[in-house]
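Number 63 in this note's numbering belongs to position 52 of the sequence shown; there are no gaps in the numbering.
Built from N, CA and C at the ideal position, the CB exists for glycine as well.
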Amino acid sequence: MKTSSLYVTRDDSMYDTKSGFETYEEANAYREECQRSWINHADYVFLITRDSAGNFVKETNLTKATKEERIKLLEEAGIPLK
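Right under this line is the structure:
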């Protein structure tokens, strides 16, 4: 069984990286809050997928995905949009 989680990080991977979000809406709200405070940097919401042993399988940038792709990926991962 695969497990999935969301995390938010800055485009240069420095400073704040946060995980443990229950929904995409919660993660995206945090991303927007950070983006307003970090001038000239973009923040992204990533979906991390791991196998049953906890090994990394895939990292997907949900911020750059289309709305349809994002909904499908979150649904497949069992993570609510809201």
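Nearest candidate by alpha-carbon position, reference H52, set D23, L85, L17: Stepping through the sequence shown from its first residue, residue 52 is reached at position 41. Selected option, being the one with the closest Cα: D23.
T28 versus E79: straight-line alpha-carbon distance, rounded: If you number the sequence shown from 1, residue 28 lands on position 17. If you number the sequence shown from 1, residue 79 lands on position 68. In a straight line, the C-alpha of T28 is about 26 Å away from that of E79.
Classification of V68 by the beta-carbon crowding that lies within 10 angstroms, buried from 16 upward: Within the sequence shown, the letter at position 57 stands for residue 68. When all chains shown are included, V68 counts as exposed.
Segment limits, alpha helix (DSSP H) that includes K93: Taking the sequence shown and counting its residues from 1, one reaches residue 93 at position 82. Where K93 is concerned, there is no enclosing alpha helix (DSSP H), given that its DSSP letter is neither H nor E.
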